[in-house]
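Below you'll find the structure, written out as structure tokens, and then a few comments.
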Amino acid sequence: MLGIGLSIVSLARFQFAMTTVFHFFFVPFSIGMGFLVAIMETIYAVKKDKVYLDMAKFWGKIFLLSFAVGIVTGIIQEFQFGMNWSEYSRFMGDVFGAPLAIEALLAFFIESVFIGIWMFTWDRFKPGVHAFMIWMTSIGTMLSAIWILAANSFMQHPTGFKINNTTGRIQLTDFGSVIANPQLWKVFPHVIIAAFMTAAVVITGMSAWGLLRKKKDENHFFKKSLRFGLWASLIFAILSAGAGDLQTQQIIKDQPMKFAATEGIYKTTKDPAPWTVVESIDAKGHKSSNSIEIPKVLSILAYHKTSGSVKGMNEINKELHAKYDKQFGKNMDYYVPPKTLFWSFRVMTGIDALIMLVSLVGLIFSRKNKDTIENHKWMLVVLGICIWVPFIGNSAGWFITEFGRYPWIVYGLFTIAQAVSPTSTVASLLFSNILYFCLFTLLGGVMVWYSRKTLHHGPYFEEKDSIQNVDPFAKEAFEK
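Residue numbers (the UniProt record's numbering): 1 to 480.
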């Protein structure tokens, strides 16, 4: 440990958090954008309304940018696994490797092949056939999410395995059980719907900025995109709340400490349980104070009825000590970071509610009978600023998922401290953290710059200033 208080474990955890959060900026966005572009192109194939073809082409450019950056950030994340978490890989490799291998060989293969066909064949296939290509790409991205989340869900709720008494490592005994993990099928809908909502909010926000430019030839395009994005944002924000409730029910069963921390509960509540809006949390003293509560609401949220108490972190900590002391010792700290989880949960749910509200107001201002949204510049600015909001919400949700597993890296089986590479040093981790941070800053800057440039050029830039889809071996190409 250095004099400034940095340790190998803390630096390795920071690097995992940094690489995961940055990767998670682009993965949901890419998944959602591919899905919404597929819907746009399908509407064009059915209705033959050219504006939806223009929308698919324009927003498809943003999708391709996010797809490319997502791949690069994913590769960096794999590097840090090998560098910092070799003991985890040894312990978990038999299970962790299977879904990741399938993701690379099947899901990523599907999305990579069909995205290439889709990019270069706008004039080669009938609209319905070409739309099929982007649907296959979108399905590939969602299949990738399933396999990644299957590995993560095992870490949250291990199933279908045994411990090899000779090596002390996990062995996969039932792959079907890993795929049928209830954690997976509760977290997957929440992640995917949040991805759709993220892309919808970005489309809405960029369209709002496009309308503020007041270019007459682009007005119809951005109004159509705005309405499309607003409807999608509202629908998926509502569905996201429902999917989040399903995931919460599973967390209550599998990880009660995580749930108690999201609600800031140290002492078991009374029956019925009140919901805490805000409170002061003393993480060291394991107590809370100055809380503002709403009676009975937590019982409704947790159990869907007006009765039932919620177990507090202090009681859960005692239960975990009784269960794991023989294996992990009496000095193990089973408390998760309560402030991080408490406020992350409120940021996540608050952002979902905000998106519902803003989308509804935007739809009212842009309705056909009384379209006045262009006269409300403040509303367009609000929609434009909201581009960043779902990324914050997604990160807050991921904080809950990962911080809420502390001190485990594989719940109940393997701790974070056990998983760190024995060869890692403070100096190497500091260097790689700085390097990755600079690289991520550059990638993020490039993504924002190209997206802004694409918006500045507008939806018809290529049609006016360049020839699209020219065969590089065609006669016309050599005549240039």
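From the three backbone atoms N, C-alpha and C, an ideal C-beta is built for every residue, glycine too.
Q255: not part of any beta strand (DSSP E); DSSP gives it neither H nor E.
A straight-line Cα-Cα distance of about 16 Å links F403 and Q183. Of the candidates Q327, L64, K270, M197, the residue whose Cα lies closest to the Cα of I392 is M197.
The beta carbons of H286 and N314 sit closer together than 7 Å.
Distances from the alpha-carbon of L301 to those of I235, T349, I316 put T349 closest. Counting of Cβ neighbours within 10 angstroms places K186 among the buried residues, the total reaching 16 or more. Judged by DSSP in its simplified three-state form, I265 adopts coil rather than helix or strand. Residues V95, I170, Q171, L172, T173 of the same chain have their beta carbon placed closer than 7 Å to that of F161, with the five preceding and five following residues left out of the count. Here K57 is buried, its C-beta having at least 16 other C-beta atoms within 10 Å. Remark: C-beta atoms of S366 and I355 do not approach each other more closely than 7 Å. DSSP places S7 outside any alpha helix (DSSP H), giving it a letter other than H or E. In this structure, A199 lies near M33, with their beta-carbon atoms less than 7 Å apart. Across the set K326, M92, I387, W147, the C-alpha of M92 shows the shortest separation from the C-alpha of N164.
Taking 8 Å as the upper bound for CB-CB distance, M206 and L455 are in contact here, some 5 Å apart. The beta carbons of Q327 and E87 sit about 16 Å from each other, so the pair does not count as a contact at 8 Å. Excluding the 5 residues flanking it on each side, E111 has same chain C-beta neighbours closer than 6 Å at T137, G140, T141, in chain order.
Y411 is positioned such that its CB atom lies no closer than 7 Å to that of Q15. A Cβ-Cβ distance of about 6 Å is found for the pair A151 and L100, placing them in contact under the 8 Å criterion. Of the candidates L234, R90, D123, L234 places its Cα closest to the Cα of D352. Three or more beta-carbon pairs drawn from the segment 428-447 and the segment 14-28 are found closer than 8 Å, and the two stretches are therefore classed as touching.
If you check the CB distance, G264 and S288 come in under 7 Å.
When Y406, T425, S424 are compared, the shortest CA-CA separation from I416 is found for Y406. Its chain contains G205, M206, A208, W209, L212 as the residues whose beta carbon lies nearer than 8 Å to that of G384, once the 5 sequence neighbours on both sides are disregarded; these appear in chain order. Counting along the chain, K284 sits inside no alpha helix (DSSP H), nor does DSSP assign it H or E at all. In the DSSP assignment, L106 falls outside any beta strand (DSSP E), carrying neither H nor E. Its chain contains F26, F29, S30, M33, M447 as the residues whose beta carbon lies nearer than 8 Å to that of S66, once the 5 sequence neighbours on both sides are disregarded; these appear in chain order. Listed in chain order, the non-local C-beta contacts of Y266 below 7 Å within the same chain comprise H286, K287, S288, G312, M313, N314, local neighbours out to five positions each way being set aside. Within the DSSP secondary-structure output, L172 pairs in a beta bridge with F161. Per DSSP, W85 lies in no alpha helix (DSSP H) segment and is marked neither H nor E. In the DSSP assignment, W408 forms a beta bridge with T415. Taking one beta carbon from each stretch, the segment 213-228 and the segment 339-349 have fewer than 3 pairs nearer than 8 Å; the two do not touch. Rounded to the nearest whole angstrom, the CA to CA distance from Y44 to L226 is 17 Å. The beta-bridge partner set that DSSP reports for T276 consists of E293. When secondary structure is reduced to three states using DSSP, M332 falls in the coil class, being assigned neither helix nor strand.
The Cβ-Cβ distance between A68 and V420 does not fall below 7 Å.
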